[in-house]
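Colleague: Take this structure, written in structure tokens, and hold onto it; I'll ask about it next.
Number of protein chains: 2
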Amino acid sequence: MIREQLIDPAPDALTSFLNCHTRTRDCLVQVAGLAEVSYRGRAASTAEIGTYLVLIKQDGSLQIHHPTGIKPMNWQPKTDELVARVDEDVCMLLASRRSPVEIVQVIFLQPHLALALELKAAGGFFLSGSEAQMQETLAHAPELIEPGLKVLGRELLVESGGIDLYAQDDQGRYVVVELKRGRATQHAVSQLGRYVCSVQGKLPAGSVVRGILAAPSITGPARLELESRGLEFREISSWPSVPVAREGQQPSLFE
Amino acid sequence: MIREQLIDPAPDALTSFLNCHTRTRDCLVQVAGLAEVSYRGRAASTAEIGTYLVLIKQDGSLQIHHPTGIKPMNWQPKTDELVARVDEDVCMLLASRRSPVEIVQVIFLQPHLALALELKAAGGFFLSGSEAQMQETLAHAPELIEPGLKVLGRELLVESGGIDLYAQDDQGRYVVVELKRGRATQHAVSQLGRYVCSVQGKLPAGSVVRGILAAPSITGPARLELESRGLEFREISSWPSVPVAREGQQPSLFE
DNA sequence: TGTTAAATTTCGGGA
DNA sequence: TCCCGAAGTTTAACA
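Chains A and B supply the protein sequences, listed in that same order.
Be aware that the first sequence starts at 1, since it is given in my numbering, and climbs by one per residue.
Be aware that the second sequence starts at 1, since it is given in my numbering, and climbs by one per residue.
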């Protein structure tokens, strides 16, 4: 599990350690200690000297954590080059990528701990409650949106994006359905509006296209915007915002 | 720096370790080893048995990393309760929060390493290249958007959101400016459209309100959408997508 | 608390 | 590669 551990490594020792274990790409590498971090790319940042935790995963992704918060202080999702070297008597780590051109530089002023861990086995990961799952369910039970609704297509691509559900109502009118797994916002209304326009543009002039936003709830401003644009909202209440373990009850949507 | 380190801890030892160091809230705690993770909240997930790295920061935030990717496999940004206990002869960690109600459960089947680190000093952090900075710059140099433009306000709140820059052109017409630090998308066009409508609704009927999207570039579909809605695009090219160190040259925007 | 929008968003999918 | 959209997005700001 622990491939290698160094306490208070010298600059050249840390440099070798980093280059060795990042090259093999089979370890999760971490270094904790006093460091300085700078980033240049889509934006630019500088972190003054402080105690940070640097993580380098097997795919070469880099993240630098400060004492609080879920998000790293600095990061590099993918690195095209990851190299450590001794510079002015300290170990310096450079993580760069092209597209976008970005570079993160870590200067280890006083590394206290360097650790290489083997994190081999990762089991399966299963997520439920995604919008994709909601789409799957509603595509097979469109009456939950509206009685008589017939689904013609899913993920239909138009110039302005992908339409979640494309359908026809009991009067033969085309219906564009936009799904949200959580509370629908003005953003969702804009999306729906764009899709409705795109579909209208493909049909003979004068065709009526309905737009339905289907979600467990909707914000006040979104509702106003929606109604002013002649679009509709359908509450999908059986979508459990917090799936609760239940016994002897009938399973809700998505279970 | 290293407050405590355990190798292959027994369930009760790991439990004590976790409860002790998370209670004091002055350490970054990590556990690496075989585990199972499940989550219930806005969605639900299960991670089968595998080797993971669990990080618990001083603010009680929890993240569980698998071998690749910048994002944790599971996480809990804020925990209202963080408690470990021995359950069926293994150590189980529960991290829960209200609002939204969510819980992450980690079952440590075979912990190999438990580490408590002191990450005390964090230096200052400075980021440049944000949209806020772009706004600051353009508010003082609106001629970069258009000659004769006068800024009337920033972050002006209307019902549909916050207008980045509110201005008047050399002919006295009101101008709503939406800024993007990167390539502008259809989403940005929608925002701008909403703001223009909101402003029009506040002015006497028939008032002309211009909408300008100011960004370094714009996607093709966004440009079409923009033009079809009578809105305008202004390229802000001096926004350096990659701020480069230069010598003897005149500093660009934002430097 | 509710809503909106930014973010070095990341990530995945389709053309 | 470009583009769009989901995400357990997170985070901050503001009414």
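The C-beta atom is built at its ideal place from N, Cα and C for all residues, glycine as well.
Small disclaimer: the values here were computed from a predicted structure and weren't measured.
(1) Does the CB of B:Ser45 have a neighbour CB from chain A at under 8 Å?
(2) Who are the Cβ neighbours of B:Thr79 in its own chain at under 8 Å, not counting the five residues just before and after it?
(3) Between A:Pro67 and A:Ile163, what straight-line distance do the alpha-carbon atoms span, to the nearest angstrom?
(4) In chain A, what lies closer than 7 Å to B:Ile70 by C-beta?
(5) What residues match up with A:Leu157 in a beta bridge as DSSP calls it?
(6) Quick one: give me the first and last residue of the alpha helix (DSSP H) that A:Arg223 is part of.
(7) Is it a yes or a no for the segment 27 to 37 of chain A touching the segment 113 to 128 of chain A, going by three-plus beta-carbon pairs under 8 Å?
(8) Quick one: Cα of B:Val31 to Cα of A:Glu48, how far?
(9) In three-state terms, what does DSSP make of A:Met1?
(10) I need the boundaries of the alpha helix (DSSP H) containing B:Pro9, first residue and last residue.
(11) So with Cβ pairs under 8 Å, would you call A:Met92 a contact of chain B?
(12) Assign A:Pro208 to one of three DSSP states: helix, strand, or coil.
(13) Mind pulling the chain A residues with CB within less than 7 Å of B:Ser130?
(14) Skipping 5 residues on each side, what residues in its chain have a beta carbon closer than 6 Å to that of B:Gly211?
(15) For B:Pro147, count neighbouring Cβ atoms within 10 angstroms of its own Cβ and tell me buried if that reaches 16, exposed if not.
(16) Between B:Arg97 and chain A, is the shortest Cβ-Cβ distance under 8 Å, so that the two count as touching?
(17) At 4 residues or longer, what runs of the alpha helix (DSSP H) sit wholly inside the segment 73 to 157 of chain A?
(18) Helix or strand or just coil, what does DSSP make of A:Arg234?
(19) With distances taken Cα to Cα, identify the nearest neighbour of B:Gln171 among B:Gly41, B:Ser207, B:Glu36, B:Glu227.
(20) Considering only the alpha carbon of each residue, which of A:Ala44, A:Glu36, A:Ala84, A:Arg42 lies closest to A:Ile64?
(21) Spatial neighbours of B:Ser241 within its chain, please: C-beta separation below 7 Å, excluding the five flanking residues on both sides.
(22) CB B:Ser198 to CB B:Ser228, shorter than 8 Å?
(23) Along the chain, where does the beta strand (DSSP E) that runs through B:Gly33 open and close?
(24) So with CB distances below 7 Å, who are the chain A contacts of B:Ser16?
(25) Is it buried or exposed, A:Glu247, if we count other Cβ atoms within 10 angstroms and call 16 or more buried?
(26) First and last residue of the alpha helix (DSSP H) that includes A:Ala188?
(27) Distance check for B:Cys91 and B:Ala10, CA to CA, integer angstroms please.
(28) For B:Leu213, which option in B:Asn74, B:Gln200, B:Glu235, B:Leu144 has the closest C-alpha, if you only look at C-alpha atoms?
(29) Classify B:Glu225 as buried or exposed, calling it buried when 16 or more other Cβ atoms lie within 10 Å of its own Cβ.
(30) According to DSSP, is B:Pro216 helix, strand or coil?
(31) Specify the secondary structure class of B:Ser16 as computed by DSSP and reduced to three states.
(32) Taking Cβ positions only, does A:Met1 come closer than 8 Å to chain B?
(33) Taking only three categories from DSSP, how would you classify B:Thr68?
(34) Would you say A:Tyr195 faces chain B, with C-beta separation under 8 Å as the test?
(35) Taking the beta strand (DSSP E) that A:Ala44 belongs to, which residues open and close that run?
Modeller: According to the structure shown:
(1) The residue you call residue 45 of chain B lines up with position 45 of the second sequence. So, interface residue.
(2) As a working note, residue 79 of chain B is residue 79 in the second sequence. These residues qualify, in order along the chain: Gly60, Ser61, Leu62, Ala95, Ser96, Arg97.
(3) Within the first sequence, the letter at position 67 stands for residue 67 of chain A. Within the first sequence, the letter at position 163 stands for residue 163 of chain A. If I take the Cα positions, the gap works out to 42 Å.
(4) The residue labelled residue 70 of chain B in the question sits at position 70 within the second sequence. Chain A residues near B:Ile70: Ser61, Gln63, Trp75, Pro77.
(5) In the first sequence, the residue the question calls residue 157 of chain A occupies position 157. Note: A:Leu157 sits in a beta bridge opposite A:Gly162.
(6) To locate residue 223 of chain A, count along the first sequence from 1; it is residue 223. Counting along the chain, the alpha helix (DSSP H) containing A:Arg223 begins and ends at 220 to 228.
(7) yes
(8) Stepping through the second sequence from its first residue, residue 31 of chain B is reached at position 31. Stepping through the first sequence from its first residue, residue 48 of chain A is reached at position 48. C-alpha separation (whole angstroms): 28 Å.
(9) Residue mapping note: residue 1 of chain A aligns to position 1 of the first sequence, counting from 1. Coil, per DSSP.
(10) Reading the second sequence from its first residue, position 9 is the one you call residue 9 of chain B. First-last for B:Pro9: undefined, no H or E at that position.
(11) Walking along the first sequence from the start, residue 92 of chain A turns up at place 92. By this cut-off, A:Met92 is not an interface position.
(12) Stepping through the first sequence from its first residue, residue 208 of chain A is reached at position 208. It should be pointed out that residue 208 of chain A corresponds to Val in this sequence rather than to Pro. The answer is coil: DSSP assigns A:Val208 none of H, G, I, E or B.
(13) By one-based count along the second sequence, residue 130 of chain B stands at place 130. Result: Ala43.
(14) The residue labelled residue 211 of chain B in the question sits at position 211 within the second sequence. Within the same chain, B:Gly211 has close Cβ partners Val176, Leu192, Val196, Leu231.
(15) On the second sequence, residue 147 of chain B is found 147 positions in, with the first residue counted as 1. So B:Pro147 counts as exposed.
(16) Position 97 of the second sequence holds residue 97 of chain B. So no, B:Arg97 is outside the interface.
(17) 131 to 140
(18) Within the first sequence, the letter at position 234 stands for residue 234 of chain A. In the structure shown, A:Arg234 sits in a strand (DSSP, three-state: E or B).
(19) Counting from 1 along the second sequence, the entry for residue 171 of chain B is found at position 171. When only C-alpha atoms are compared, the closest one is B:Ser207.
(20) If you number the first sequence from 1, residue 64 of chain A lands on position 64. Ranking A:Ala44, A:Glu36, A:Ala84, A:Arg42 by Cα distance to A:Ile64 puts A:Glu36 first.
(21) Locating residue 241 of chain B in the second sequence gives position 241, counting from the first residue. Reliability of the predicted coordinates at B:Ser241 is poor, the pLDDT of 37 falling under 50, and the value obtained from them is presented with this limitation in mind. Result list for B:Ser241: Pro216, in chain order.
(22) Walking along the second sequence from the start, residue 198 of chain B turns up at place 198. Walking along the second sequence from the start, residue 228 of chain B turns up at place 228. No, the pair does not count as a contact, with Cβ atoms beyond the cut-off.
(23) On the second sequence, position 33 is the one that residue 33 of chain B refers to. B:Gly33 -> beta strand (DSSP E) spans 28 to 40.
(24) Reading the second sequence from its first residue, position 16 is the one you call residue 16 of chain B. Residues of chain A passing the Cβ test: none, with the nearest at roughly 21 Å.
(25) As a working note, residue 247 of chain A is residue 247 in the first sequence. Residue placement at A:Glu247 is flagged as unreliable, the pLDDT there being 36, under the threshold of 50; the coordinate-derived value follows with that caveat. That one is exposed.
(26) Within the first sequence, the letter at position 188 stands for residue 188 of chain A. 186 to 202 is the extent of the alpha helix (DSSP H) around A:Ala188.
(27) For this step, residue 10 of chain B is matched to residue 10 along the second sequence. For this step, residue 91 of chain B is matched to residue 91 along the second sequence. One C-alpha to the other measures close to 8 Å.
(28) By 1-based counting over the second sequence, the position of residue 213 of chain B is 213. Of the listed residues, the one whose Cα sits closest to B:Leu213 is B:Glu235.
(29) The residue labelled residue 225 of chain B in the question sits at position 225 within the second sequence. Buried, since its Cβ has 16 or more Cβ neighbours within 10 Å.
(30) On the second sequence, residue 216 of chain B is found 216 positions in, with the first residue counted as 1. Residue state, collapsed to three classes: coil.
(31) The residue labelled residue 16 of chain B in the question sits at position 16 within the second sequence. Of the three classes helix, strand and coil, the one that applies to B:Ser16 here is helix, per DSSP.
(32) Walking along the first sequence from the start, residue 1 of chain A turns up at place 1. True, the Cβ-Cβ gap to chain B drops below 8 Å.
(33) For the purposes of this step, residue 68 of chain B is taken as residue 68 along the second sequence, with counting starting at 1. It is coil, neither helix nor strand.
(34) As a working mapping, residue 195 of chain A is identified with position 195 in the first sequence. No, A:Tyr195 does not count as interfacial toward chain B.
(35) In the first sequence, the residue the question calls residue 44 of chain A occupies position 44. Counting along the chain, the beta strand (DSSP E) containing A:Ala44 begins and ends at 44 to 56.
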